[in-house]
Amino acid sequence: MSDNAAIDHQGGDHQGGDHEAAGGRRGRGAGGAAARRAARSGGGPGSQLTYIRRKINVYEVLDEEGLALIEKNADTVLEETGIEFRDDAEALELWKAAGADVKGQRVHFPKGLCRSLLKTAPSQYIQHARNPERSVQIGGNATVFAPVYGPPFVRDLDGNRRYATIEDFRNFVKLAYMAPSIHHSGGTVCEPVDVPVNKRHLDMIHAHIKYSDKPFMGSVTAPERAEDTVAMAKIVFGDDFVENNAVLTSLINANSPMVFDETMLGALKVYSRHNQACIVTPFILAGAMSPVTVAGTLTQVLAEVLAGASFTQLIRPGAPVIFGTFASSISMQSGAPTFGTPEPSLVSYGAAQLARRLGLPFRTGGSLCASKVEDAQAAYESANTLNSTILAGTNFVLHAAGWLEGGLASGYDKFMMDIDQLGMQQKFCEGVDLSENGQAMDAIRQVGPGSHFLGCDHTQANFQTAFYRSNIADNNSYEQWLAEGEKTAPQRANQLARHWLESYEAPPLDAGIADGLKDFIARKKESMPDAFT
Numbered sequence: 006m007s008d009n010a011a012i013d014h015q016g017g018d019h020q021g022g023d024h025e026a027a028g029g030r031r032g033r034g035a036g037g038a039a040a041r042r043a044a045r046s047g048g049g050p051g052s053q054l055t056y057i058r059r060k061i062n063v064y065e066v067l068d069e070e071g072l073a074l075i076e077k078n079a080d081t082v083l084e085e086t087g088i089e090f091r092d093d094a095e096a097l098e099l100w101k102a103a104g105a106d107v108k109g110q111r112v113h114f115p116k117g118l119c120r121s122l123l124k125t126a127p128s129q130y131i132q133h134a135r136n137p138e139r140s141v142q143i144g145g146n147a148t149v150f151a152p153v154y155g156p157p158f159v160r161d162l163d164g165n166r167r168y169a170t171i172e173d174f175r176n177f178v179k180l181a182y183m184a185p186s187i188h189h190s191g192g193t194v195c196e197p198v199d200v201p202v203n204k205r206h207l208d209m210i211h212a213h214i215k216y217s218d219k220p221f222m223g224s225v226t227a228p229e230r231a232e233d234t235v236a237m238a239k240i241v242f243g244d245d246f247v248e249n250n251a252v253l254t255s256l257i258n259a260n261s262p263m264v265f266d267e268t269m270l271g272a273l274k275v276y277s278r279h280n281q282a283c284i285v286t287p288f289i290l291a292g293a294m295s296p297v298t299v300a301g302t303l304t305q306v307l308a309e310v311l312a313g314a315s316f317t318q319l320i321r322p323g324a325p326v327i328f329g330t331f332a333s334s335i336s337m338q339s340g341a342p343t344f345g346t347p348e349p350s351l352v353s354y355g356a357a358q359l360a361r362r363l364g365l366p367f368r369t370g371g372s373l374c375a376s377k378v379e380d381a382q383a384a385y386e387s388a389n390t391l392n393s394t395i396l397a398g399t400n401f402v403l404h405a406a407g408w409l410e411g412g413l414a415s416g417y418d419k420f421m422m423d424i425d426q427l428g429m430q431q432k433f434c435e436g437v438d439l440s441e442n443g444q445a446m447d448a449i450r451q452v453g454p455g456s457h458f459l460g461c462d463h464t465q466a467n468f469q470t471a472f473y474r475s476n477i478a479d480n481n482s483y484e485q486w487l488a489e490g491e492k493t494a495p496q497r498a499n500q501l502a503r504h505w506l507e508s509y510e511a512p513p514l515d516a517g518i519a520d521g522l523k524d525f526i527a528r529k530k531e532s533m534p535d536a537f538t
């Protein structure tokens, strides 16, 4: 299940424990010369960056009166209209025991019930990677970039649009692993339709573990697949570590408007029971799945998140949960989703404020566009979405790279172009350097009026790291551009993707873990016939 274009395709703090052995050895360091190189360019293997620790202020669009109004309206929706928990008798019984008014499959929540339950949810937590140096903080001042999620199609390196395969899946995991500004391996980076539906989750989780040492997401398409994900995580990290630490952050979509279905609830219960994080996300195409107004959409988003997120605490108090929202508008002429428009940005800003008031980590945004190819539309729409994502103070950014066609396609060239933009955003989030070096007073004194700064001592000491250097953009002369083949940005991105894949080296994985995973997958696949529906 993805929260991309689902219209067409359904797709606490560190608690201790040492899991260094999971990777065989510690990975490449996040500091030093490699990190400095990554900070000023798109980088590549060996130049990984840690997750972003934002040093810039968030942008807010609602004042106290506006926030209180949205919260009051959401409480009214929860109490009067209610939220449906479909085909899940256990969920209904739990809500009834908690004091909710359950009528059939619809749950009506007394004012304050959901907020009271959410008091046990952590405001931030660590998601552990098998390489401890790749672990990420979710919440607080942290921002974590994760790749595109859920598309059944790819736009491949030869420019063809086709169904995704497991080889494409592995390629995107490899590219995400090599990208300095991708901090998280993600989940369903594309849907490998050449593998049986009931078995593909095994190959997908295995790819994240084998081809990357960054954190990853779990399967949510069936409760038993979520259980398989937890079992595989325990092979990597150990039973006790998994039960006491978050090693998975997985996507649970509301079936908006105001419904949680059996599949999503089943996966939510599995992950919450094992103390693993859920991103509770209303999937909103405003005008179809929510009202056409920003305030109305925010009201519905908050009501759905309150119901779904608080349910995780009924399952296991203290289980990590993220306030998620995926908001897009639709064309009122065609009904197609639109991206990069003002209204969804306002929803993201407002939802981020509501999440902070609840004390929950926040997820939204990414590099979203409706364009079918890597063109100007894709660039403008992705930039508009990504900028608002950053300024909102988003903690977990799904779809940060590779999204095309309203989420129906993962694009190789687009992936590389987005990575470049993510590097710029990471640099931007560092804010203004007010250290003695940052003030540059010695440079101003040395140069004085009428000269230039190119040769001064300060410039010579800082030129390598002073400005971000894109590995996609061409800033050379027209004549040099001609001599180098008149390449466009997508062509340069394509060349870079091919180079990265050719030079990819897998991170080390303990042989015992590798064998354990192989045996587990073989047993699971042998236990059931192939199913393609």
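Under the numbering used here, the final residue of the sequence shown carries the number 538; numbering is consecutive throughout.
For every residue, glycine included, the Cβ atom is placed at its ideal position computed from N, Cα and C.
Between residue 505 and residue 180, the C-beta spacing is below 7 Å. For residue 419, the enclosing alpha helix (DSSP H) has its first and last residue at 417-434. Taking 7 Å as the cut-off, the beta carbon of residue 352 is found closer than this to the beta carbon of residue 332.
In this structure, the beta-carbon distance from residue 371 to residue 404 falls below 7 Å.
By the C-beta criterion, the segment 373-380 is judged not to be in contact with the segment 321-330, since fewer than 3 inter-stretch pairs fall below 8 Å. Of the residues assessed, residue 173 falls on the buried side of the cut-off, its CB having 16 or more other CB atoms within 10 angstroms. Here the alpha carbon of residue 402 sits roughly 11 Å from the alpha carbon of residue 154.
Beta-bridge annotation (DSSP): residue 108 is paired with 111.
Bridge pairing for residue 291: 295, 334 [DSSP]. In the displayed model, residue 395 falls within a helix according to three-state DSSP.
Looking at the DSSP output, residue 475 sits in no beta bridge, so it has no partner there. Looking at 336, 147, 253, the one whose alpha-carbon comes closest to that of residue 192 is 253. For the pair of segments examined, the segment 337-353 was found not to touch the segment 455-469: the number of CB pairs separated by less than 8 Å stays below three. Pairing residue 419 with residue 100, the inter-Cα distance amounts to about 44 Å. Leaving aside the five residues that flank residue 222 on each side, the residues in its chain whose CB is nearer than 7 Å to its CB run, in chain order, 191, 192, 253, 254, 255, 256. Between residue 208 and residue 217, the alpha-carbon positions lie close to 14 Å from each other. Bounds of the alpha helix (DSSP H) holding residue 176 are 171-183. Membership of residue 255 in the beta strand (DSSP E) is indicated by the continuous run 254-259. Under a 10 Å Cβ-count criterion, residue 114 is classified as buried, with 16 or more other Cβ atoms of the shown protein chains found around its own Cβ. Fully contained in the segment 130-169 are the following beta strand (DSSP E) runs of length 3 or more, in chain order: 141-144, 147-150, 158-160, 166-168.
Distance check between residue 59 and each of 432, 487, 516 places 432 closest, using alpha-carbon atoms only. Here residue 286 is bridged, per DSSP, to 258.
Residue 342 carries a strand assignment under DSSP once its states are collapsed to helix, strand and coil.
By the neighbour-count criterion, in which 16 or more other beta carbons inside 10 Å mark a residue as buried, residue 528 falls on the exposed side.
A distance below 7 Å separates the beta carbons of residue 280 and residue 324. Check the Cα spacing between residue 498 and each of 514, 475, 318: the tightest is with 475.
The three-state reading of DSSP puts residue 59 in coil, since its state is none of H, G, I, E or B. As DSSP reads the structure, residue 82 sits in no beta bridge.
Between residue 240 and residue 522, the C-beta spacing is below 7 Å. For the segment 461-513, the full-length alpha helix (DSSP H) segments reaching 4 residues or more read 462-467, 483-488, 494-508 along the chain.
Residue 284 holds the alpha-carbon nearest to the alpha-carbon of residue 368 among 284, 509, 392, 107.
In terms of Cβ geometry, residue 309 and residue 287 form a close pair [threshold 7 Å].
Sixteen is the threshold: when 16 or more other Cβ atoms of the shown chains lie within 10 Å of the Cβ of residue 357, as they do, the residue is buried. Boundaries around residue 326 are those of the beta strand (DSSP E), 326-329, since no alpha helix (DSSP H) includes it.
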